[in-house]
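S.K.:
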Amino acid sequence: MATHVQHRSTIESYINTSPFYGLQLKKLAMYSTVTLFACIILMGFLMPFAYAVVTASKSEPQIKSGTVLPYTPQTFRYEGKDLPLYEVPLPDGTTQVLAGLNLKRGDNAKNEFIDPDNPSEVIIWEGNWRKLKAVEVLEIHLLENFDTVWNNRQTNFPVMLRNTFAIAVLGMIGTLLSCISVAYAFARFPIPRKRALFLILVSTIILPSQVTLVPTFGFFATIGWTGTWLPLIVPHFFANAYNVFLLRQYFLTLPKELDEAAMIDGAGPFRILVSVIIPQSLPVIVSVAIFHLVFAWNDYFMPLIYLLGKEDLLPISVGIQRFNFVYDMKPHLLQSSMLIGLIVPVLIFLFAQRFFMRGVVITGVEK
Amino acid sequence: MEITQPKVVSQSIPKQRGLSLYRQQQIWGWIFLSPWIIGLVCFTILPMFASFVFSFLNFKLAEPNNIYFNDFANYKYLAQDPLLGPALMSTFKFALIALPLSIIIPIGLAALLNSKYLIGRPIFRTLFYMPYIVPVVSSAYIWGGVLNTDSGWLNRILFELGLGKPNWLFDVNLIYPALNIIGVWGVGNAMLIMLAAMQGVPTELYEAARVDGANGLTIFRRITFPMISPVVFYNLILSVIGIFRYFEIPFILKEGTGDPGNATLFYNIHLYKNAFAQQNMGYGSTLAWLMFVMAMGITLFLFATARYWVYYGSGEKA
Numbered sequence: 004m005a006t007h008v009q010h011r012s013t014i015e016s017y018i019n020t021s022p023f024y025g026l027q028l029k030k031l032a033m034y035s036t037v038t039l040f041a042c043i044i045l046m047g048f049l050m051p052f053a054y055a056v057v058t059a060s061k062s063e064p065q066i067k068s069g070t071v072l073p074y075t076p077q078t079f080r081y082e083g084k085d086l087p088l089y090e091v092p093l094p095d096g097t098t099q100v101l102a103g104l105n106l107k108r109g110d111n112a113k114n115e116f117i118d119p120d121n122p123s124e125v126i127i128w129e130g131n132w133r134k135l136k137a138v139e140v141l142e143i144h145l146l147e148n149f150d151t152v153w154n155n156r157q158t159n160f161p162v163m164l165r166n167t168f169a170i171a172v173l174g175m176i177g178t179l180l181s182c183i184s185v186a187y188a189f190a191r192f193p194i195p196r197k198r199a200l201f202l203i204l205v206s207t208i209i210l211p212s213q214v215t216l217v218p219t220f221g222f223f224a225t226i227g228w229t230g231t232w233l234p235l236i237v238p239h240f241f242a243n244a245y246n247v248f249l250l251r252q253y254f255l256t257l258p259k260e261l262d263e264a265a266m267i268d269g270a271g272p273f274r275i276l277v278s279v280i281i282p283q284s285l286p287v288i289v290s291v292a293i294f295h296l297v298f299a300w301n302d303y304f305m306p307l308i309y310l311l312g313k314e315d316l317l318p319i320s321v322g323i324q325r326f327n328f329v330y331d332m333k334p335h336l337l338q339s340s341m342l343i344g345l346i347v348p349v350l351i352f353l354f355a356q357r358f359f360m361r362g363v364v365i366t367g368v369e370k
Numbered sequence: 576m577e578i579t580q581p582k583v584v585s586q587s588i589p590k591q592r593g594l595s596l597y598r599q600q601q602i603w604g605w606i607f608l609s610p611w612i613i614g615l616v617c618f619t620i621l622p623m624f625a626s627f628v629f630s631f632l633n634f635k636l637a638e639p640n641n642i643y644f645n646d647f648a649n650y651k652y653l654a655q656d657p658l659l660g661p662a663l664m665s666t667f668k669f670a671l672i673a674l675p676l677s678i679i680i681p682i683g684l685a686a687l688l689n690s691k692y693l694i695g696r697p698i699f700r701t702l703f704y705m706p707y708i709v710p711v712v713s714s715a716y717i718w719g720g721v722l723n724t725d726s727g728w729l730n731r732i733l734f735e736l737g738l739g740k741p742n743w744l745f746d747v748n749l750i751y752p753a754l755n756i757i758g759v760w761g762v763g764n765a766m767l768i769m770l771a772a773m774q775g776v777p778t779e780l781y782e783a784a785r786v787d788g789a790n791g792l793t794i795f796r797r798i799t800f801p802m803i804s805p806v807v808f809y810n811l812i813l814s815v816i817g818i819f820r821y822f823e824i825p826f827i828l829k830e831g832t833g834d835p836g837n838a839t840l841f842y843n844i845h846l847y848k849n850a851f852a853q854q855n856m857g858y859g860s861t862l863a864w865l866m867f868v869m870a871m872g873i874t875l876f877l878f879a880t881a882r883y884w885v886y887y888g889s890g891e892k893a
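In the order they appear, the protein sequences are chains A and B. Our numbering applies: residue 4 is where the first sequence begins, and numbers increase by one. Our numbering applies: residue 576 is where the second sequence begins, and numbers increase by one.
Dropping the structure here:
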């Protein structure tokens with residue numbers, strides 16, 4: 004009887020634990036499969052960054068040698084010549100670093116090597132020297148290349164960065180002032196046909212801007228604004244749909260009681276905006292500011308058409324291309340300049356990604 | 576939503592007796608709204624009207640004294656423009672790959688990021704999103720290097736796998752896949768929007784489906800996709816507009832030449848050359864209006880199809 008009970012309980016415990024054990028194994032397998040799959044995709048996404056950094060780390064000879072990573076073949080200077088160093092397997096089974104003195108073609112060629120420690124004696128090695136492993140050292144030239152790019156004579160990187168920064172910040176001020184004001188109007192005031200107006204605002208998002216750009220360009224050209232920053236800055240003082248939408252959605256969530264309390268205390272609408280609405284909305288205002296900074300930093304088309312021929316006013320997006328007309332054949336300098344171009348927006352994003360992503364989600368999903 | 580006349584308040588503020596508080600509020604509303612109204616008139620409505628008028632004129636910025644109505648010559652030239660056909664064809668061929676990808680890849684990545692089996696989701700989300708932030712010039716030149724026939728990393732990998740060295744950027748047949756690879760790199764924004772939409776799907780729906788014995792694919796088809804379809808629809812429309820406006824990457828990579836064989840002469844590059852490089856306001860406006868009409872036509876068509884596949888019934892703001 005006792006054994007029978009014992010027996011049953013083993014079976015029970017078996018039945019009880021086994022499915023969970025199996026389930027856990029299955030879960031573990033799922034975790035590792037999904038995460039591994041994501042890692043593989045991620046490698047694809049990060050590969051271009053790696054390529055840019057690695058290429059920007061190379062020196063000119065390293066570029067020419069065609070190795071993937073910035074390795075430099077080591078040489079030994081002998082009688083006025085730089086001899087390449089190889090790891091040569093010797094007949095006695097050891098491997099020694101030797102300098103190729105006289106290397107010949109063919110699989111069974113008799114190649115002449117010398118020992119860097121004892122250069123007077125020639126060592127003959129039979130075989131194809133191309134199959135030998137060259138002695139290479141990892142040498143990173145990243146900072147050196149940045150220095151070359153930063154101080155090059157054709158394009159002035161410090162001035163381009165200053166221009167980009169100035170255009171972005173001035174436009175940002177305009178965007179913040181106008182979008183906060185318009186969003187406040189949409190969120191709080193009894194404007195006739197407000198719903199229709201808001202629909203018009205949102206539908207301008209899907210209007211291809213080319214249809215308005217041609218005459219706008221003609222207009223700015225006529226009043227002499229082409230070749231200045233004004234067309235890149237002034238339009239931002241007139242609000243845009245994305246940011247108004249984002250701000251309005253946020254303002255609508257703020258309790259109206261605070262507005263009303265301030266109103267009873269005698270605050271006018273402007274005062275309420277500045278001391279009630281804005282202090283409560285700082286996160287979303289930061290989002291809008293970051294959006295604009297990144298947008299303006301990356302904008303290519305507008306500076307391209309409006310700043311044609313004004314080299315000293317160009318922002319980095321267009322200016323960097325001028326640099327590459329000159330340095331097209333030097334991939335290491337080209338990629339260094341690209342890293343200089345992307346570092347600011349990427350750092351802004353990484354440090355403020357919370358604000359950034361929340362903004363994207365609100366404008367993207369709630370429409 | 577609107578501040579209707581609270582009586583207590585109107586009594587407590589005696590100033591400006593002439594106007595009711597409601598009227599006052601309305602005036603303030605218009606004042607705060609004015610930047611957008613002015614912008615809408617000056618930078619959208621008037622320019623649209625102007626470009627419509629321009630499209631009937633002989634109007635080149637270089638010849639300001641030689642502007643006249645040219646008897647629909649711009650529209651007649653559309654039929655003769657030797658580069659318009661190639662430009663439309665390039666855009667169409669690009670769209671054939673780009674449009675499906677612009678929906679499938681973000682949904683796929685979002686589903687991956689939404690999987691409870693993915694460890695370290697926030698890190699993946701940040702890193703998948705990051706390429707979207709890279710300035711388009713950097714993106715173009717970095718990919719120009721990665722796709723380089725001999726030294727590019729993609730071909731080094733393909734070569735190791737025994738797949739040869741495709742001439743990505745110089746082969747008429749490979750240029751569209753190549754441009755789409757670059758495009759997919761910047762998919763982060765759409766991905767994030769899709770992800771947020773997926774996270775907004777109520778979990779009860781999934782639980783109910785599981786109880787009913789639905790498998791993963793059925794759940795996606797019957798629950799996830801319908802629930803996120805408004806967001807998919809929004810992205811689809813933005814993608815269509817984006818394809819018409821496609822400019823920067825091919826323009827930078829090919830310096831606007833349209834090589835190989837006009838394959839990268841996209842519609843907007845053609846427009847840029849006419850309107851801005853040659854400053855032909857007349858024909859440029861005609862091309863812009865043609866783009867507008869085509870984009871609006873497709874958008875309206877998509878809106879017409881929306882009722883068959885876009886689900887607005889979940890009570891969220893539509």
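Ideal placement from N, C-alpha and C gives every residue a C-beta, glycine not left out.
(1) Tell me, to the nearest whole angstrom, how far the beta carbon of VAL138 (chain A) is from that of GLU90 (chain A); I am working on the premise that it is less than 8 Å.
(2) Look at LEU317 (chain A) and MET175 (chain A) and say whether their C-beta atoms are less than 8 Å apart.
(3) Whose C-alpha, out of B:ARG796, B:LEU770 and B:ALA771, is nearest the C-alpha of TYR781 (chain B)?
(4) Assess, as a yes-or-no matter, whether the stretch 726-733 of chain B is touched by the stretch 808-818 of chain B under the definition of 3 or more beta carbon pairs within less than 8 Å.
(5) Please report the Cβ distance between ASP262 (chain A) and ILE275 (chain A), rounded to the nearest whole angstrom; I am assuming they are in contact, meaning their Cβ atoms lie under 8 Å.
(6) In chain order, what residues of the same chain have a beta carbon less than 6 Å from the beta carbon of VAL762 (chain B), not counting five sequence neighbours either side?
(7) For TRP718 (chain B), write down the residues that DSSP places opposite it in a beta bridge.
(8) When the Cβ atoms of the stretch 333-340 of chain A are set against those of the stretch 50-68 of chain A, are three or more pairs found closer than 8 Å?
(9) Considering only their Cβ atoms, is the gap separating ILE194 (chain A) from LEU792 (chain B) smaller than 8 Å?
(10) When the distance is taken between beta carbons, is ALA852 (chain B) closer than 8 Å to ALA863 (chain B)?
(11) Pull up the distance between the alpha-carbon of ASP85 (chain A) and that of THR78 (chain A), whole angstroms please.
(12) With 16 as the cutoff for other CB atoms within 10 Å, does TYR821 (chain B) come out buried or exposed?
(13) Take the Cβ of VAL807 (chain B) as the centre, count every other Cβ of all protein chains shown within 10 Å, and call the residue buried at 16 or more, exposed below.
(14) Shorter than 8 Å from the beta carbon of SER713 (chain B) to some beta carbon of chain A?
(15) Specify, as a first and last residue, the run of the alpha helix (DSSP H) that LEU653 (chain B) falls within.
(16) Report yes or no: is there a C-beta of chain B within less than 8 Å of the C-beta of GLY221 (chain A)?
(17) Could you spell out the range, first to last residue, of the alpha helix (DSSP H) harbouring LYS67 (chain A)?
(18) So for GLY109 (chain A), helix, strand or coil by DSSP?
(19) Hey, is GLU638 (chain B)'s beta-carbon within less than 8 Å of any beta-carbon in chain A?
(20) Tell me which residue opens and which closes the beta strand (DSSP E) that ALA80 (chain A) is part of.
(21) Are at least three pairs of beta-carbons, each pair with one atom in the stretch 156-171 of chain A and one in the stretch 230-244 of chain A, less than 8 Å apart?
(22) Select from the stretch 348-366 of chain A all residues with a C-beta closer than 7 Å to any C-beta belonging to chain B, and list them in chain order.
(23) Based on Cα-Cα distance, which residue from A:GLY83, A:GLY109 and A:HIS144 lies nearest to TRP128 (chain A)?
(24) Could you tell me which residues DSSP puts in a beta bridge with TRP128 (chain A)?
(25) For the stretch 37-57 of chain A, which residues have a CB atom closer than 9 Å to at least one CB atom of chain B, in sequence order?
(26) In the stretch 159-232 of chain A, which residue ranges form an unbroken alpha helix (DSSP H) of at least 4 residues, counting only runs that do not cross its ends?
(27) Can you pull the chain B residues whose beta carbon is under 9 Å from the beta carbon of SER290 (chain A), in chain order?
(28) Using a threshold of 8 Å, state whether the C-beta atoms of ASN837 (chain B) and PRO661 (chain B) are closer than that.
(29) For VAL27 (chain A), count neighbouring C-beta atoms within 10 Å of its own C-beta (all shown protein chains included) and say buried if the count is 16 or more, exposed if not.
(30) Going by the beta-carbon positions, is the gap between ASN689 (chain B) and MET773 (chain B) smaller than 8 Å?
(31) I'd like to know whether the C-beta of LEU801 (chain B) is nearer than 8 Å to at least one C-beta of chain A.
(32) Have a look at A:VAL364, A:PRO64, A:ILE143 and A:ASN111 and flag the residue whose alpha-carbon is nearest the alpha-carbon of ARG133 (chain A).
(33) Measuring CA to CA, which of B:PRO805, B:ILE873 and B:GLY604 is closest to GLY367 (chain A)?
(34) Are the CB atoms of MET46 (chain A) and VAL721 (chain B) nearer to each other than 8 Å?
(35) Could you tell me whether the Cβ of GLN9 (chain A) comes closer than 8 Å to any Cβ of chain B?
(36) Take LYS892 (chain B) and list the residues in its own chain whose beta-carbon comes closer than 6 Å to its own, dropping the five residues that flank it on each side.
M.R.: Looking at the coordinates:
(1) 6 Å
(2) no
(3) B:ARG796
(4) no
(5) 5 Å
(6) ILE680 and PRO681
(7) BP columns for TRP718 (chain B) are empty, so no partner.
(8) yes
(9) no
(10) no
(11) 6 Å
(12) buried
(13) buried
(14) yes
(15) 648-655
(16) yes
(17) 63-68
(18) coil
(19) no
(20) Here residue 80 (chain A) turns out to be Arg, not Ala, going by the sequence shown. Per DSSP, ARG80 (chain A) belongs to the beta strand (DSSP E) from 78-81.
(21) yes
(22) PRO348, VAL349, PHE352, GLN356, MET360, VAL363 and VAL364
(23) A:GLY109
(24) A:ASN114
(25) VAL37, THR38, PHE40, ALA41, CYS42, ILE44, LEU45, GLY47, PHE48, LEU49, MET50, PRO51, PHE52, ALA53, TYR54, ALA55 and VAL57
(26) 160-191, 197-206 and 213-225
(27) Ordered by position in chain B, no residue passes the 9 Å Cβ test against SER290 (chain A), which lies about 13 Å from the chain.
(28) yes
(29) At residue 27 (chain A) the sequence reads Gln, which differs from the Val that was named. Exposed, by the Cβ-count rule.
(30) yes
(31) Looking at the sequence shown, residue 801 (chain B) is not Leu but Pro. Taking Cβ atoms only, chain A never reaches closer than 8 Å to PRO801 (chain B), which makes this a no.
(32) A:ASN111
(33) B:PRO805
(34) no
(35) Because GLN9 (chain A) carries a pLDDT of 49, less than 50, the predicted location of this residue cannot be relied on, and the following value inherits that uncertainty. Not an interface residue.
(36) Residue confidence is low: LYS892 (chain B) scores 41 on pLDDT, short of 50, so the model does not pin down where it sits. No coordinate-derived value is stated.
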